[in-house]
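Shown next, in structure tokens, is the structure this report addresses.
Protein chains: 2
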Amino acid sequence: MRFKQLMEESKERKQSNIVLALDAVPSTTNNLLSASLKILRKVHPYICAVKLNRQLLLPLGLQRGIRGIIEESHRLDLPVIMDCKINDIGYTNRVIAENYFDAGFDAVTANPFVGWEDGLKPVFEEAKRRNRGVILLVYMSHKASREGYGQIVYDEHGKKKPQYVIFAEKALSWGADGAVVGGTYPEKIREVYEILRDEVPIYSPGIGTQGGDIKTAISAGAEYVIIGRAITLSENPEAAAKKFRDASQTP
Amino acid sequence: MRFKQLMEESKERKQSNIVLALDAVPSTTNNLLSASLKILRKVHPYICAVKLNRQLLLPLGLQRGIRGIIEESHRLDLPVIMDCKINDIGYTNRVIAENYFDAGFDAVTANPFVGWEDGLKPVFEEAKRRNRGVILLVYMSHKASREGYGQIVYDEHGKKKPQYVIFAEKALSWGADGAVVGGTYPEKIREVYEILRDEVPIYSPGIGTQGGDIKTAISAGAEYVIIGRAITLSENPEAAAKKFRDASQTP
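What follows is the structure, encoded as structure tokens:
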């Protein structure tokens with residue numbers, strides 16, 4: 001099954017479009033793994049997938065703690081995304097993707113700025129061979145996103161276009177399984193959704209702590225919302241996850 | 252001492268401007284660390300620094316094998332660069348930089364496409380606080396580099412510029428300790444050197460296996476050349492490293 005379908009089924013089964021970003025976890029160095037697993041076990045009924053980033057990868061290690069989180073997520077029927085934002089040369093990108101897929105990740109994120117030939121092509125090849133997913137960054141959630149993702153570029157036909165429109169078009173033509181558009185910029189979600197429609201689902205981070213609003217992001221076209229600190233650093237992660245899930249379902 | 256000075260001193264002391272990219276190492280999974288250390292111990296007289304990437308990080312782990320390589324490099328008086336190509340939001344970028352600096356890395360690489368505010372600013376802050384370095388990607392060595400790094404962009408004043416020129420200008424204004432320009436594109440090295448002069452040294456990867464020529468890169472303006480597979484996968488890494496070092500010194 002393609003990653004895109006895996007996510008659709010998970011969304012349907014869990015009746016949730018919330019991707020838990022297990023980034024910041026309140027813990028000391030010594031109990032980072034157990035603290036992460038604890039949050040995961042509490043909130044799993046309200047989420048449809050898990051996203052990891054370098055906050056856990058670097059201290060826990062891909063061959064050690066990270067495998068425990070992937071296994072527990074899969075046991076709870078949740079796909080796991082590695083938010084590694086691949087942006088190296090093809091030779092290295094392939095090794096990065098291989099390592100993450102070998103460890104059990106169902107999808108990786110990648111930066112289309114790298115380009116195709118000897119860039120992200122090997123990542124898409126590796127993903128296709130194993131039925132895993134590639135999610136492309138189209139417009140990020142932070143303040144300076146405008147500086148790169150929002151800049152005006154001449155496309156290959158000499159036509160002026162915003163960078164994120166070019167990236168959204170690449171997501172379509174490269175057959176990406178998802179596109180990241182920051183929930184802090186609902187107007188960008190709307191514009192990208194006009195290009196991607198139901199072909200490539202939009203994943204929207206930046207909801208909660210960074211200021212993005214879940215309902216606004218969804219009504220603008222986000223298929224999945226990525227929520228991290230507003231759940232993981234909450235005094236009651238379970239209640240916070242449930243609150244977001246409920247908010248995502250009411251019109 | 253700033254990283255830029257640390258590198259200048261190392262270059263002087265070792266009479267070499269070669270940065271060893273310990274990316275691909277011929278080994279089985281079980282002896283990756285020892286195989287890496289073996290190459291390092293053989294070639295250290297001919298190099299001025301070591302660069303690591305995810306090829307070693309993901310299998311060995313930052314808290315385990317990678318520390319052994321950093322320690323051995325430092326024992327051999329070689330600075331170590333983590334080629335992590337940081338390109339996330341500021342909150343995550345800071346944690347990434349902290350983790351690598353805590354582990355002992357002297358510098359990290361980052362992608363200026365992310366922008367400053369809530370992007371790379373925290374990385375530069377963290378580096379400055381600890382006297383570590385930040386090396387920015389300006390033009391990469393792979394085929395599709397043209398697609399992103401080579402695209403024509405409107406800058407903030409509405410002026411048409413190649414992306415890599417904008418990145419080189421950011422390297423200057425942000426106070427970067429280095430700028431990466433692929434050795435496979437000597438004309439780009441020359442153009443970027445015209446902007447950076449002696450303010451920001453150019454690091455040039457893609458020499459050897461990827462097709463870049465060491466003398467051409469240096470005469471175009473590269474201060475350091477990054478060489479990986481042409482040394483690490485050679486039957487005689489020591490002889491290969493010596494050959495590149497010698498080639499870099501003859502006019």
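Residue numbers (my numbering), protein chains in the order written: chain U, 1 to 251; chain G, 252 to 502.
For glycine and all other residues, C-beta sits at the position ideal for the given N, C-alpha and C.
Just so we're clear, the structure is a prediction, and the values are computed from it rather than from any experiment.
Reference residue i, options the options, closest by Cα
i	options	result
residue 460/G	366/G, 393/G, 400/G	393/G
residue 139/U	15/U, 60/U, 222/U, 245/U	222/U
residue 433/G	292/G, 478/G, 337/G, 366/G	478/G
residue 288/G	323/G, 415/G, 372/G	323/G
residue 247/U	7/U, 204/U, 16/U	16/U
residue 452/G	463/G, 462/G, 468/G, 464/G	468/G
residue 27/U	240/U, 78/U, 50/U, 60/U	60/U
residue 154/U	270/G, 398/G, 264/G	398/G
residue 534/G	371/G, 400/G, 315/G, 264/G	For residue 534/G there is no data in the structure shown, the boundaries of chain G being 252 and 502.
residue 191/U	161/U, 176/U, 82/U, 213/U	161/U
residue 439/G	407/G, 500/G, 396/G, 410/G	396/G
residue 370/G	307/G, 342/G, 380/G	342/G
residue 407/G	158/U, 156/U, 152/U, 128/U	152/U
residue 20/U	30/U, 64/U, 78/U	78/U
residue 163/U	115/U, 128/U, 129/U	115/U
Cutoff 8 Å: residue i Cβ touching any chain A Cβ
i	result
residue 389/G	Looking for chain A here will not work: the only protein chains present are U and G.
DSSP three-state assignment for residue i, whether helix, strand or coil
i	result
residue 179/U	strand
residue 226/U	strand
residue 49/U	strand
residue 252/U	There is no way to answer for residue 252/U, as the model of chain U reaches only from 1 to 251.
residue 343/G	helix
residue 413/G	strand
residue 436/G	coil
residue 454/G	strand
residue 264/U	Lying before the first or after the last residue shown, residue 264/U is absent from chain U, which here runs from 1 to 251.
residue 220/U	helix
residue 154/U	strand
residue 115/U	coil
residue 139/U	strand
residue 212/U	strand
residue 40/U	helix
residue 448/G	coil
residue 99/U	helix
Cβ-Cβ distance between residue i and residue j below 8 Å
i	j	result
residue 425/G	residue 356/G	no
residue 290/G	residue 303/G	no
residue 377/G	residue 352/G	yes
residue 203/U	residue 179/U	yes
residue 350/G	residue 253/G	no
residue 309/G	residue 62/U	yes
residue 458/G	residue 481/G	yes
residue 331/G	residue 301/G	yes
residue 305/G	residue 89/U	no
residue 184/U	residue 150/U	no
residue 319/G	residue 358/G	no
residue 86/U	residue 110/U	yes
residue 297/G	residue 493/G	yes
Nearest-angstrom beta carbon gap, residue j and residue i [assumed within contact, 8 Å]
i	j	result
residue 387/G	residue 421/G	7 Å
residue 122/U	residue 94/U	4 Å
residue 252/U	residue 251/U	Examination of residue 252/U is not possible in this model, given that chain U is present from 1 through 251 alone.
residue 195/U	residue 225/U	With a Cβ gap of about 19 Å, residue 195/U and residue 225/U do not count as contacting.
residue 258/G	residue 299/G	7 Å
residue 255/G	residue 449/G	Their Cβ separation, rounded to whole angstroms, is 10 Å, which puts residue 255/G and residue 449/G out of contact at 8 Å.
residue 42/U	residue 205/U	In fact, because the Cβ distance is near 21 Å, the residues do not count as touching under 8 Å.
residue 483/G	residue 307/G	Not really, about 11 Å apart at Cβ, beyond 8 Å.
residue 244/U	residue 18/U	6 Å
Beta bridge counterpart(s) of residue i as assigned by DSSP
i	result
residue 482/G	Its beta-bridge partners do not exist; DSSP assigns none.
residue 107/U	81/U, 133/U
residue 18/U	225/U
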